[in-house]
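Taking it in order: structure first as structure tokens, then the write-up.
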Amino acid sequence: MSEKRKKTPNGGSLRQINAAGGQRNGAGRKRIGATRKLSLTLPASCWQEIDRRCGGGDYSVSEIVRSIIEDSMRDVDIL
């Protein structure tokens, strides 16, 4: 591992440890679509159900809401 020292704005230094890090092609989380920020108002009972589904830590709120929306849109196409 190589160490680098980087100056901070106030004149101090930060130690950075580089073990093949940095930006690389193909690195990071893969995109699954376009990101849009939104505010969602739901009854407390809906939030409780979303929190229950996220409870084990296996899924994020985004994953649960995305799944509900995708399932709902697929069901609409069937009608």
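In short: position in the sequence shown from 1, add 1028, done, that's our numbering. Beta carbons: idealized from backbone N, C-alpha and C, even for Gly.
Its chain contains no residue whose beta carbon lies nearer than 6 angstroms to that of residue 1101 once the 5 sequence neighbours on both sides are disregarded. In the three-state reduction of the DSSP assignment, residue 1055 falls in the coil class, being assigned neither a helical nor a strand state. For residue 1080, the enclosing alpha helix (DSSP H) starts and ends at 1072 to 1082. Using a Cβ distance threshold of 8 angstroms, residue 1082 and residue 1073 do not count as a contacting pair.
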